Amino acid sequence: MATDNSSSLHHTPTPPTSLWRTLEGRVRTIMPGLLICIIIALATTFIADHYGGPTLLYALLFGMSLHFLSEEGPCKAGIEFASKTVLRLGVALLGVRITLEQVASLGLGPVITVVLGVVATILFGALLARVMGLDRDMGLLTGGSVAICGASAALALSAVMPRNATSERHTIMTVVGVTTLSTVAMITYPLIVRLLGLDDAEAGIFLGGTIHDVAQVVGAGYIISEHTGDVSTFVKLLRVAMLVPAVMVFMLLFRNARQANGDEGGKVPMFPTFLIAFVALVLINSLGWVPSVAVEGFTDLSRWCLVAAIAALGVKTSFQKLAVVGWKPVILMVVETLFLLVLVTLCIKFGLASI
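All you need for the numbering used here is the position in the sequence shown, starting with 1, plus 904.
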């Protein structure tokens, strides 16, 4: 008896409709806010190209004028996406502009400056917090966020610190304060570079060694010159790499306190993906495996990503929120920022950063 195989012959795999719907839903969610950031990037690039001036600074200020869009609404998810994912993509692609030869030409000075700056600022923050009558943990948290990589460091370090009635408030205060200060630094530090009379390489070490968040370092660096932007990005990513040993030290420091509170502690963050991608692209480019056409294409893509990300950060910036965190934590973070600024400046002026 013949069997009917028509059903098996005409059977086709079921399309992954659920995956497609999830992806489509995600795109619909982020598209309004992402389009806002892209439009700001296009507008500010047009203005800078035709009338002069720094594109990234224009994008930041233009974005700040649209802060209301970052509140609850259809644009919020896309703005978050641009300020994080698009930013990381842009920073990672910067690696295609840099070679190991360029890195080696900087010497050990930037590494020494970064390690000294991170350790000294964290210790100074803990001491200053006690002097001001604040919790030592607050000083360690703010010192770590100022010294390493801003809000990202604050969230990572707080994950391995003991949880209590004030720990969450400390974290929120630190994230708001350090993000605002980083934005102020992006605008003002290039002016300080000119007052100090630093050359492009020294300016890159100064900006990369002092500004809090990665995005603002990139923005400030490329406002001055391409070489300054490259050096500042490399130095800043050295600071980002210090996050892992810092978290491990904090875990050991607060181990007994976490056990007493019954905390398991947060998971130790590994090296950020964008940092790994950046290093990989530097290595690949150093081997000469990236054609010049591809370098130009990736460089342009990176620039557009960074302008859109800076626009998103501008939209998210709220100076009003800084006023509600209280004056003591704000003063603490401002003084820590000035301490790091002076320390890195001294390292540059006395030649330690150029060893």
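Note that CB positions come from ideal geometry on N, CA and C, so glycine has one too.
This structure is a prediction, so every number in the text was calculated from the model and none was measured.
Nearest neighbour of Ala1212 by Cα position, chosen from Asp1041, Gly1123, Ala1030 and Thr1075, turns out to be Gly1123. In the structure shown, the three-state DSSP call for Asp1117 is coil. Shown here, Phe1158 sits in coil according to DSSP, grouped into three states, outside any helix or strand.
In this structure Ser1086 does not touch Asp1039 by the C-beta definition: roughly 23 Å separates them, more than the 8 Å allowed. The three-state secondary structure of Asn1068, taken from DSSP, is coil.
Under the 10 Å beta carbon count, Thr1046 is surrounded by 16 or more other beta carbons and is classified as buried.
Within the same chain, and ignoring the five residues on either side of Thr949 in sequence, the residues whose Cβ sits closer than 7 Å to its Cβ are Thr959 and Val1211. The continuous alpha helix (DSSP H) containing Val1246 extends over residues Trp1231 to Lys1253. Contact holds between the stretch 1106-1116 and the stretch 1091-1098, because three or more Cβ pairs, one in each stretch, are under 8 Å apart. Take Thr1025, set aside five residues on each side of it, and the residues of its chain with a beta-carbon closer than 7 Å to its own are Gly1047, Val1050, Ala1051, Glu1240, Phe1243 and Leu1244, in chain order. Taking Val1082 as the centre and dropping the five residues before and after it, the same chain places the C-beta of Thr1046, Ser1049, Val1050, Gly1054, Ala1055, Ala1058, His1116, Asp1117 and Met1237 closer than 8 Å to its C-beta, in chain order. Here Ala1033 is buried: its Cβ has 16 or more other Cβ atoms, across all protein chains shown, within 10 Å.
Taking each of Gly1013, Arg1001, Gly957 and Val1007 in turn and checking the Cα distance to Ile1252, the smallest one comes out for Gly1013. DSSP places Met1042 in the uninterrupted alpha helix (DSSP H) bounded by Arg1040 to Ala1051. Ranked by how close their Cα comes to the Cα of Arg930, the residues Lys980, Ser974, Phe966 and Phe972 have Lys980 in first place. DSSP places Phe972 outside any alpha helix (DSSP H), giving it a letter other than H or E. Excluding the 5 residues flanking it on each side, Leu1185 has same chain C-beta neighbours closer than 6 Å at Gly999 and Val1000, in chain order. Secondary structure of Asp1104 (DSSP, three-state): helix. Of the other Cβ atoms in all chains shown, 16 or more fall within 10 Å of the Cβ of Val1135; this residue is therefore buried. If you draw a straight line from the Cα of Val1019 to the Cα of Ala1107, it is about 18 Å long. For Leu991, the number of other beta carbons within 10 angstroms of its own is at least 16, and it is reported as buried. Scanning its chain for C-beta atoms nearer than 8 Å, with the 5 sequence neighbours on each side dropped, one finds around Ala947 the residues Phe966, in chain order. One Cα belongs to Val1015, the other to Cys1209, and the distance between them is close to 28 Å. Contact annotation: Gly1021 and Leu1179 have beta-carbon atoms that are not nearer than 8 Å.
Taking 8 Å as the cut-off, the beta carbon of Ile1002 is found no closer than this to the beta carbon of Phe1202. Taking the Cα of Leu961 as reference, the smallest distance to any Cα among Thr933, Met1042 and Val1088 is reached at Val1088. Taking a 10 Å sphere around the C-beta of Val1035, we find fewer than 16 other C-beta atoms and assign the residue as exposed. Each residue's CA atom was taken as its position, placing Gly956 and Glu1200 some 22 Å apart.
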